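Residue numbers (this note's numbering): 1 to 224.
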Amino acid sequence: MRFPPTGFSLRWYYAFLESSLFIDSLALSLKLATLTTVLSLLIGFAAAFAIERHKFSGRELIRGFMLSPLLIPAVVLGLGLMQLQVWIGLSQTVVGLLVGHVVVTLPYVVRTLSASMVLFDRNLEHAAMSLRATPATVLRTITIPLLVPGLISAGVFAFVTSFGNVSLSVFLGAGGSVTLPVQVLAYVEQTVDPLVAAVSSVVIVFTLLAILIADRLSGPRSVI
């Protein structure tokens, strides 16, 4: 590992593609981030909809509870989840790791969707209901389509947060299967070579692509 580099080569990217250690970790990270994003959007949408659309006792308490993982130090949260999963039998499993990632990403989803719902024009829903549309029809044809930009933004937050999480994944690692950031951390502790730089650049590219796609899908569209 030298800086500035003495030359240019792609052999460390080939080494990354040929490394089953890193490829398996990358596959696990992508699958985990995708499942986390889907579950976080489903749970977060329901929670944000209930919090912003209905007034009930304990609403602010629930809002604070949903956002509390942002206030708890990552090490404390990781230790607490690890102890809880030992009690319920989910320790060192992919399901336990998924639950932990959903807990971490939920606050971003709830916060983003809550902001979208505050700015939502409910007159469109009232117009649909005045035409005898059922609540399910209004939700499917009016509410969700208009919240698509917010859903995409929340999904990107969830995906990037899950994909790059280290602290929680260290405590909740699923046996011999570890995520890519944890694998990079373990590799750096033992060896320092340009392979780590190649892996890191691949992670950066995945993150930038996710943000770019989200910007294209949720950004403003010109009307011709």
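Glycine included, C-beta positions come from ideal geometry on N, C-alpha and C. Source: prediction; values computed, not measured.
Are the beta-carbon atoms of residue i and residue j separated by less than 7 Å?
| i | j | result |
| --- | --- | --- |
| His101 | Ser200 | no |
| Ser29 | Leu180 | yes |
| Ser25 | Val178 | yes |
| Thr36 | Thr105 | yes |
| Pro69 | Pro107 | yes |
| Val182 | Val188 | no |
| Ser116 | Leu147 | yes |
| Leu46 | Met66 | A small correction: the amino acid at residue 46 is Ala; Leu does not occupy that position in the sequence shown. Not a contact, by the Cβ cut-off of 7 Å. |
For the alpha helix (DSSP H) containing residue i, list its first residue and its last residue.
| i | result |
| --- | --- |
| His101 | Val94 to Val118 |
| Leu151 | Val148 to Phe163 |
Whose C-beta lies closer than 7 Å to the C-beta of residue i among residues of the same chain, with five residues either side of it excluded?
| i | result |
| --- | --- |
| Ile51 | Arg59, Ile62, Arg63 and Ser114 |
For residue i, which residues of its own chain have a beta-carbon under 8 Å away from its beta-carbon, when the five flanking residues on both sides are left out?
| i | result |
| --- | --- |
| Glu125 | Val138, Ile142 and Thr143 |
| Leu119 | none |
| Arg242 | With the chain represented from 1 up to 224, any question about residue 242 goes unanswered, as that position is not in the structure. |
| Gly164 | Pro181, Val203 and Thr207 |
Take residue i and list the residues in its own chain whose beta-carbon comes closer than 6 Å to its own, dropping the five residues that flank it on each side.
| i | result |
| --- | --- |
| Ala214 | Ile152 and Val156 |
| Gly96 | Gln85, Leu90 and Leu172 |
Write down the C-beta distance between residue i and residue j rounded to the nearest angstrom, noting that I regard them as a contact closer than 8 Å.
| i | j | result |
| --- | --- | --- |
| Leu172 | Gly89 | Going by Cβ atoms, the distance from Leu172 to Gly89 rounds to 14 Å, so no, they are not a contact pair. |
| Val103 | Leu81 | 7 Å |
| Phe8 | Ala198 | The Cβ separation is near 13 Å, so there is no contact. |
| Phe159 | Ala33 | 5 Å |
With a threshold of 7 Å between beta carbons, is residue i in contact with chain C?
| i | result |
| --- | --- |
| Ala133 | The chain labelled as chain C is not found in the depicted structure, where only one protein chain is given. |
Any alpha helix (DSSP H) of 4 or more consecutive residues that is wholly inside the stretch 166-203: 167-172 and 180-190
field: alpha helix (DSSP H) runs wholly inside the stretch 23-101, at least 4 long, in chain order
entry: 59-67 and 74-88
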